[in-house]
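**Student:** Each residue of the sequence shown is one higher than the last, beginning at 1 in our numbering.
We put the CB at the ideal spot given by N, CA and C, even for glycine.
Remember, it's a predicted structure, so these values are computed and weren't measured experimentally.
One structure follows; several queries about it will come next.
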Amino acid sequence: MDLDLQTVERAVRAVRLGAIGAAGLASMAERSLAVAEFAGEHARAGGLTRQTLSERAAEDELMWLFRVGVVRREVDGQGITDRFRLTPLGNRVLTEVRRADLPALSPLDQVGNLLTRWLS
């Protein structure tokens with residue numbers, strides 16, 4: 001799948017500046033995860049998140065990654081569920097964030113990500 005470089009860069013920046021870490025993405029590459037699995041101290045201790053999140057904050061983080069295109073919501077016979085899984089873009093982002101030679105993000109990157117998130 002051909003992905004626009006700007007799209008990939010924006011998604012990588014969103015993940016690197018977000019609360020859900022590479023381990024959380026890797027888990028979603030293997031199976032769908034419920035919002036509740038990203039909430040609480042156990043999620044931080046297990047490496048799914050970089051900080052302890054409430055369930056509401058976890059949902060906000062996942063919905064931001066959904067808007068960026070990194071994750072998708074699972075659907076069952078009843079409709080949309082509270083479970084998320086990686087998209088093809090998300091798999092590409094996971095590969096990128098696992099690289100050891102990523103440059104540090106600048107304050108401009110942080111402000112740009114914050115504005116994009118706030119305006120979307």
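(1) Is there contact here, the region 96 to 115 with the region 79 to 87, by at least three beta-carbon pairs under 8 Å?
(2) Please state the DSSP three-state secondary structure of residue 10.
(3) Can you say whether residue 64 is buried or exposed, counting buried as having 16 or more other CB atoms within 10 angstroms of its CB?
(4) What residue does the alpha helix (DSSP H) around residue 95 start on, and which one ends it?
(5) Using the beta-carbon count (16 or more within 10 Å), is residue 20 buried or exposed?
(6) Does the distance from the C-beta atom of residue 53 to that of residue 44 stay below 9 Å?
(7) Residue 75 and residue 25 - do their beta-carbons sit closer together than 9 Å?
(8) What does the Cβ neighbour count give for residue 102, buried or exposed, with the cut at 16 atoms within 10 Å?
**Tutor:** If we stick to the structure as given:
(1) no
(2) For the purposes of this step, residue 10 is identified with residue 10 of the sequence shown, where counting begins at 1. DSSP places residue 10 in helix when its eight states are reduced to three.
(3) In the sequence shown, the residue the question calls residue 64 occupies position 64. So residue 64 ends up on the buried side.
(4) Along the sequence shown, read from residue 1 onward, the residue named residue 95 stands at position 95. Looking at the DSSP string, the run of the alpha helix (DSSP H) that includes residue 95 is 88 to 97.
(5) Taking the first residue of the sequence shown as position 1, residue 20 is located at position 20. Its Cβ being crowded by 16 or more others within 10 Å, residue 20 is buried.
(6) What you label residue 53 is simply residue 53 of the sequence shown in a count that begins at 1. What you label residue 44 is simply residue 44 of the sequence shown in a count that begins at 1. Closer than 9 Å, so yes.
(7) To locate residue 25, count along the sequence shown from 1; it is residue 25. To locate residue 75, count along the sequence shown from 1; it is residue 75. Cβ distance not < 9 Å, so residue 25 and residue 75 don't count as in contact.
(8) Within the sequence shown, numbered from 1, the residue matching residue 102 stands at position 102. With fewer than 16 other Cβ atoms within 10 Å, it is exposed.
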